[in-house]
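*Asks:* Starting off with a structure, shown below.
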Amino acid sequence: MGITQLRGVIPPMIVPFDANGDIDEGALRDFTSFLLGTVDGLFILGTYGCGPLLSLEERKRVAEIIVKEVGGRVPVIVHVGSISTRDAVELAKHAEEIGADAVSAVPPFYYHHAEEDVLFYFKRIVDAVNVPVYVYNNPKTVGYAVSVGLLKRLADIGVHGVKDSSFDLMVLSDFKRKVEKEGFDVVLGTEALFVPASSLGIKAFIPGLGNAFPELCKELYDVVMSGAPKDKVIEVHNRVMAVRDLMRLANTTTVGAYTMVNLRGIKMYPREPFRPASEEVREKIKEGLRRLGLL
-7 MGITQLRGVI PPMIVPFDAN GDIDEGALRD FTSFLLGTVD GLFILGTYGC
43 GPLLSLEERK RVAEIIVKEV GGRVPVIVHV GSISTRDAVE LAKHAEEIGA
93 DAVSAVPPFY YHHAEEDVLF YFKRIVDAVN VPVYVYNNPK TVGYAVSVGL
143 LKRLADIGVH GVKDSSFDLM VLSDFKRKVE KEGFDVVLGT EALFVPASSL
193 GIKAFIPGLG NAFPELCKEL YDVVMSGAPK DKVIEVHNRV MAVRDLMRLA
243 NTTTVGAYTM VNLRGIKMYP REPFRPASEE VREKIKEGLR RLGLL
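This is the structure:
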């Protein structure tokens, strides 16, 4: 499946673990099937997907299971970002070998790197594979913000697009407006800003909430892209944000996503150091979802 521009709802898929913290392969297949009924693609092994918490072999195994389960029905973008260039390249090659449609990577993290080092890291990935490569800009988590200047240089060496999780419309607008390479794909990394982002020409978003409620994210996408009346768009947006507020009751939105998926009947655990939400938080989320008519 050749990717030119991503479109639609592409959840950053969480990974099911068992109570011992091992990958629950059966639950992973079931969860993939659950999402495939609604979504337009899958972004795997990123922040929500706990990629940095998995070994290389575990990351490969998760990618293999998901790509096989998807069977070409929607694009699968595998996050391969790593503290190590060598590991990122190895993961990118593996993703291409198993049939993934694209790869993505955060800049190398933990150590402080000069822009030239980051550029060379991405060049190694781009040169290693023939599938599209997306930069994943997540400055709050990674501790490194991709600048417009760097993104232009990355586009020049063959990077296909960017997933922007800066939560900053000015940054998103500059990426869309100032990176002039034809076909460069700018994708939003949250459900929270899709309404204003769509006016900038954004046609795809990667919603953490899409793990538990892909149909709600799809409804948001459809009302926005169909040109529905403003009141309807605001109504659906506010509903999405109300559910997102519930997800944020957990220590992190990642744990919130696991909690909501469990409440929908798909049992899974996060991997430590993430821990399941407390019973008190779980009940608050459950009651909130009931009030919204979602349980």
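Sequential numbering from -7 applies to the sequence shown in this note's numbering.
A virtual CB, placed ideally from N, CA and C, is assigned to each residue, including glycine.
These numbers were taken from a predicted model, which means no experiment stands behind them.
Cα-Cα, which of V59, L111, A19 is closest to A87?
*Replies:* Here the closest residue by C-alpha is V59.
*Asks:* Tell me, please, which residues DSSP counts as bridged to Y261.
*Replies:* Per DSSP, F9.
*Asks:* Is it right to say S191 is buried, meaning 16 or more other beta carbons lie within 10 angstroms of its own, or is it exposed?
*Replies:* It is exposed - the Cβ of S191 has fewer than 16 other Cβ atoms within 10 Å.
*Asks:* From Y126 to V118, what does the alpha carbon distance come to, in whole angstroms?
*Replies:* In a straight line, the C-alpha of Y126 is about 9 Å away from that of V118.
*Asks:* Indicate whether the contact test is met: 3 or more Cβ pairs, each with one atom in the segment 167 to 182 and one in the segment 126 to 140, closer than 8 Å.
*Replies:* Yes: at least three Cβ pairs fall under 8 Å.
*Asks:* Please identify the residue among V179, K144, G285, G175 whose C-alpha is closest to the C-alpha of L164.
*Replies:* L164 has its Cα closest to that of V179, out of V179, K144, G285, G175.
*Asks:* Report, in whole angstroms, the separation of the C-beta atoms of D16 and M260, which I expect to be a contact under 8 Å.
*Replies:* Contact flag correct, Cβ pair sits at about 6 Å.
*Asks:* Using only CA atoms, which one of M233, V95, D223, I(-5) lies nearest to E183?
*Replies:* Taking only the C-alpha atoms, the option nearest E183 is M233.
*Asks:* Give the range of the alpha helix (DSSP H) segment to which S96 is assigned.
*Replies:* Note, S96: premise wrong, no alpha helix (DSSP H); beta strand (DSSP E) at 94 to 97.
*Asks:* What do you reckon, are the CB atoms on L20 and P4 nearer than 8 Å?
*Replies:* No, these two residues do not count as a Cβ contact at 8 Å.
*Asks:* How close, in whole Å, do the beta carbons of S96 and K155 come, if the pair is a contact with beta carbons under 8 Å?
*Replies:* Their Cβ separation, rounded to whole angstroms, is 6 Å, which keeps S96 and K155 in contact under 8 Å.
*Asks:* Can you give the beta carbon distance from V337 to I2, rounded, assuming they're within the 8 Å contact cut?
*Replies:* Nothing in the structure corresponds to residue 337, since the chain is present only between -7 and 287.
*Asks:* Mind reading off the beta-carbon distance from R231 to L208? Whole number of angstroms is fine, and I expect it under 8 Å.
*Replies:* At roughly 7 Å, the Cβ-Cβ gap stays under 8 Å, so R231 and L208 are in contact.
*Asks:* Looking only at C-alpha atoms, which of V134, R53, Y128 sits nearest to H301?
*Replies:* Coverage of the chain is limited to positions -7 through 287, which leaves residue 301 absent and any answer about it impossible.
*Asks:* Let me check one thing: in DSSP terms, what residues is L34 bridge-paired to?
*Replies:* Partner(s): V68.
*Asks:* Classify L48 as helix, strand or coil using the three-state DSSP reduction.
*Replies:* In the structure shown, L48 sits in a helix (DSSP, three-state: H, G or I).
*Asks:* Quick check: the segment 207 to 223 against the segment 40 to 55, are there 3 or more CB pairs under 8 Å?
*Replies:* Touching, no, given that fewer than three Cβ pairs across the two stretches are closer than 8 Å.
*Asks:* So if DSSP puts L164 in a beta bridge, which residue, or which two residues, is it bridged to?
*Replies:* Paired residues: none, contrary to the question.
*Asks:* Distance check for G33 and A147, CA to CA, integer angstroms please.
*Replies:* When rounded, the distance between both Cα atoms is 23 Å.
*Asks:* Run the CB neighbour count on R282, radius 10 Å, all protein chains shown included, and call it buried at 16 or more, exposed below.
*Replies:* Its Cβ having fewer than 16 others within 10 Å, R282 is exposed.
*Asks:* Can you give, in chain order, each stretch of the beta strand (DSSP E) that sits fully within the segment 151 to 216 and has at least 3 residues?
*Replies:* DSSP runs (the beta strand (DSSP E)) wholly in the segment 151 to 216: 153 to 156, 177 to 180.
*Asks:* Just to confirm my understanding: we take R240, look at its own chain, exclude 5 residues before and 5 after, and list those with CB closer than 7 Å. What are they?
*Replies:* These residues qualify, in order along the chain: G248.
*Asks:* Compute the Euclidean distance between the alpha carbons of D109 and T39, then round it to the nearest angstrom.
*Replies:* Cα-Cα distance, rounded: 22 Å.
*Asks:* So, helix, strand or coil for G0, using DSSP?
*Replies:* Of the three classes helix, strand and coil, the one that applies to G0 here is strand, per DSSP.
*Asks:* Using DSSP's beta-bridge definition, name the partner residues of N129.
*Replies:* Answer by DSSP bridge pairing, in chain order: D156.
*Asks:* If you run the structure through DSSP and keep just helix, strand and coil, what is I15?
*Replies:* The answer is strand: DSSP assigns I15 an E or B state.
*Asks:* Let me know if I194 comes out buried or exposed under the rule of 16 or more other beta-carbons within 10 Å of its beta-carbon.
*Replies:* When all chains shown are included, I194 counts as buried.
*Asks:* So, using beta-carbon positions, are D93 and V123 closer together than 8 Å?
*Replies:* A contact, by the Cβ cut-off of 8 Å.
*Asks:* Would a C-beta distance cut-off of 8 Å place Y136 and H71 closer than the cut-off?
*Replies:* Contact flag unset, no.
*Asks:* Considering Cα atoms alone, identify which of N243, L111, Y213, V225 is closest to R274.
*Replies:* When each option's Cα is compared against that of R274, the closest is N243.
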